[in-house]
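Chains as they are written, first to last, in the numbering used here: chain A, 1 to 254; chain B, 1001 to 1302. Just so it is clear, CB atoms sit at the ideal spot from N, CA and C, and this is done for glycine as well. Predicted, not measured: the structure shown is a model, and the values here were computed from it.
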């Protein structure tokens, strides 16, 4: 069954056609890759899906229901969480607090008890903290729980952003270049991690990444964007053979 | 120290907390003096116009003051609620300018309403406390309550959401936080606190006019927070106390005092760009405090 459908989404910024009638569909449980040269419109598509950018045409559907007019917070509540290409952590908060912010909607408590720090409120806070620590543990960040996000090493920050996104209990995780700036060994670790996350949380992943070999191994299906258009869609093997993809990446015949 | 000055310092600290609340979620609002003025007018009008609030003899009844504070807070909060929606769509310096405009609009309304006494304002506001010390004790309790609420905020998800918005509003929205709602809560809480403070201040100053909520006051209350530090609630409290006291303490130096006051405001951010109170300094203070009793208690082994 399809979780997310993108139907003919177009996006125009002034004279720039960032997306031109892009359609794709993410099915339940799959890891779907989005590749394409720089400026192809991949992040714009993420921004449209997560409600940060309004498309100038087309629409997105979540489990068959249109998501039109929904803001980023409402879309997150539907079950879509994302990370950012250029990392947007809550820098002055600790790693643990970053994940706790992600648990916002699990953290509701009656106000009087919360203000007075009643027993039930403290127990609830304890459970939340355990939950957050478990997420940090899963992303190998547990020893850094009390460090400020702004002081973490680059790779740790990337994983912390994933932990924060997972805290919102998504059914679809959007990863925007999670392997950027990582060395080959770290990339391989990340590939395994994404697979483990998918299995453990039973979610679907839509991932943007430039590293094509990693994507070929990781993704069940791939879409290729070039100049805002979807030029290919299919299994890694199909996409690799597609002449338009080869042309986009290697340049056409003179 | 003179109880009258102490009372003004406490009121300054309360206003500084009112500026701090929206700043805690990254919203630079300078509307505090506007709401402060509105709160003061509510108390002034009720206690001079309504016999039940005015009381008999020299002092007005204390329950009347409490009711006035509730009404003053409610009116200021309602105004904030009504205008918060559109105003909080603005960011950064644009929000600051819009809130300055709000303070001016409230000032002109207060000046021109038929029942607020025009430029002269309202005189002879009855006193719930015979001595300034009474005000000090009462305001100290109010400040303690406000500080306690700010401290509890750290443990609440609302406090975390506010901090998240301050750090990165867009990312906060993407983890499902209703950012307009959270910012509105902070703005309304700020207005409420300023309104309540105004109600106490109107009684204390005995008279109230539109100058209570002016552009100058906006800048002064902002200076409290910049000087004291905007990250943790002890910062604005300290800033409010110190900067309210300073012009009075400098009175002996005569005309130089305003120049010195200006120099302090200028040098403060130069030497303490994050304000006087920062998390690191607070932590150092805590470790010091933890060391002290140990040294006094068990004698050190030779």
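- In the DSSP assignment, residue 232 of chain A is bridged to A/224.
- Residue 62 of chain A is classed as buried because its beta carbon has at least 16 other beta carbons within 10 Å across all chains shown.
- The three-state secondary structure of residue 146 of chain A, taken from DSSP, is coil.
- Within a 10 Å sphere around the beta-carbon of residue 67 of chain A sit 16 or more other beta-carbons, which makes this residue buried.
- For residue 109 of chain A, same chain residues with a beta-carbon under 6 Å away, outside a window of 5 residues either side, are 121 and 124 in chain order.
- When C-beta distances to chain B are compared with 8 Å, the residues of the stretch 60-84 of chain A below that value are 71, 72, 73, 76, 77, 81, 82 and 84, in chain order.
- With a cutoff of 9 Å on beta-carbon distance, residue 34 of chain A and residue 223 of chain A are scored as near each other.
- With 16 or more other Cβ atoms from the protein chains shown falling within 10 Å of its own Cβ, residue 1228 of chain B counts as buried.
- When beta bridges are read from the DSSP output, residue 31 of chain A appears opposite A/205.
- In this structure residue 1031 of chain B touches residue 1099 of chain B by the C-beta definition: roughly 4 Å separates them, less than 8 Å.
- For the stretch 1217-1228 of chain B, there are no residues whose beta carbon sits under 8 Å from a beta carbon of chain A.
- Taking each of A/143, A/81 and A/103 in turn and checking the Cα distance to residue 50 of chain A, the smallest one comes out for A/81.
- The C-beta of residue 1176 of chain B comes closer than 9 Å to at least one C-beta of chain A.
- Straight-line spacing of the CA atoms in residue 1148 of chain B and residue 1242 of chain B works out to 20 Å.
- In this structure, residue 1240 of chain B lies near residue 1015 of chain B, with their beta-carbon atoms less than 9 Å apart.
- Closer than 9 Å to the CB of residue 1282 of chain B there is not a single CB belonging to chain A.
- Residue 127 of chain A does not reach chain B, its nearest Cβ partner there being about 13 Å away, counting only Cβ pairs nearer than 7 Å.
- Taking 9 Å as the cut-off between beta carbons, the residues of the stretch 1151-1162 of chain B near chain A are 1152, 1155, 1156, 1157, 1158, 1160 and 1161, in sequence order.
- Shown in chain order are the members of the stretch 153-170 of chain A whose Cβ falls below 8 Å from a Cβ of chain B: 164, 165, 167 and 168.
- Residue 1166 of chain B has a beta carbon lying within less than 9 Å of a beta carbon in chain A.
- At a cut-off of 9 Å, the C-beta of residue 1173 of chain B has a neighbouring C-beta in chain A.
- In the assembly as shown, residue 23 of chain A is an exposed residue. Its beta-carbon has fewer than 16 other beta-carbons within 10 Å.
- Residues of chain B with a Cβ closer than 7 Å to the Cβ of residue 102 of chain A are, in chain order, 1175.
- The C-beta distance from residue 28 of chain A to residue 1 of chain A rounds to 5 Å, short enough to fall under 8 Å.
- Against chain B, the CB of residue 90 of chain A has a partner CB under 9 Å away; the residue lies at that interface.
- In this structure, residue 1197 of chain B sits away from residue 1019 of chain B, with a CB-CB distance that is not shorter than 9 Å.
- 9 Å or more divides the Cβ of residue 1126 of chain B from the Cβ of residue 1207 of chain B.
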